[in-house]
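In this note's numbering, the protein residues as written are 20 to 220.
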């Protein structure tokens, strides 16, 4: 049956009921899904774009952008950025040192140290060779060496030998402690500066 315009009536469901339309399925686009997932794992969202100069490496499911570090950068900040796993995030600068207090500026106690003073020079011996103060001179023996060829009856007892050895070992230990203290006195000026810096905090 034809309508007034002379065109045959069209069925509204004809397009949907066609065999070609019945066999269509919405495309899942698996490749796009994999790309989006990889972007999310690498810290890249849809709104963020990669930087112009980037060198991102992936190691053990974590990524880091090596382009933000110079050749003189130590390994610690690189490892820290790798643990954060945000290669596209901007690297944060280190916090600046807070300004000195007003009372310190008035008193004039502000002093900036870029290096500690060197230690005092080591003493020299008769030949002009530097002496290592950390190593004490050997402790001389006060008695004759033990004779191993004497008879067991006249030999000293075990407890006597242990007592003499313990007394000598204590003296040697004390000599090493004294030598270490004398060597530390060469750094007395540096220790004073560090102590004053610690007490100001």
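Ideal placement from N, C-alpha and C gives every residue a C-beta, glycine not left out.
If you're wondering where the values come from, they're calculated on a predicted model, not measured in any experiment.
Boundaries (first-last residue) of the alpha helix (DSSP H) holding residue 197: DSSP places residue 197 in the uninterrupted alpha helix (DSSP H) bounded by 177 to 203.
At a cut of 8 Å, does the stretch 133 to 143 reach the stretch 201 to 215 through at least three beta carbon pairs? Yes: at least three Cβ pairs fall under 8 Å.
Residue 82 burial status per 10 Å Cβ neighbour count (16 or more: buried): In the assembly as shown, residue 82 is a buried residue. Its beta-carbon has 16 or more other beta-carbons within 10 Å.
Chain-order list of residues whose beta-carbon lies under 7 Å from that of residue 73 (same chain, five-residue window excluded): Cβ within range, chain order: 84 and 86.
Extent of the continuous beta strand (DSSP E) to which residue 82 belongs: Boundaries of the beta strand (DSSP E) harbouring residue 82: 81 to 84, taken from the DSSP string.
For residue 78, report the span of its beta strand (DSSP E) as first-last. Run containing residue 78: 75 to 78, per the beta strand (DSSP E) assignment.
Pick out whichever of 75, 130 and 78 has its Cα sitting closest to the Cα of residue 212. Answer by Cα proximity: 130.
DSSP on residue 143, reduced to helix/strand/coil? Three-state DSSP puts residue 143 in a strand.
Can at least three beta-carbon pairs, one atom from the stretch 169 to 178 and one from the stretch 97 to 104, be found at a separation below 8 Å? Because the criterion of three Cβ pairs below 8 Å is not met, the stretch 169 to 178 and the stretch 97 to 104 do not touch.
Report the CB separation of residue 201 from residue 152 in whole angstroms; it is logged as a contact under 8 Å. So it is a contact: roughly 5 Å between Cβ atoms.
For the ligand ADP, is there any heavy atom lying closer than 7 Å to the beta carbon of residue 196? Among the components modelled here there is no ligand, and therefore nothing to report on the ligand ADP.
Quick one: grab the DSSP three-state call for residue 93. The three-state reading of DSSP puts residue 93 in coil, since its state is none of H, G, I, E or B.
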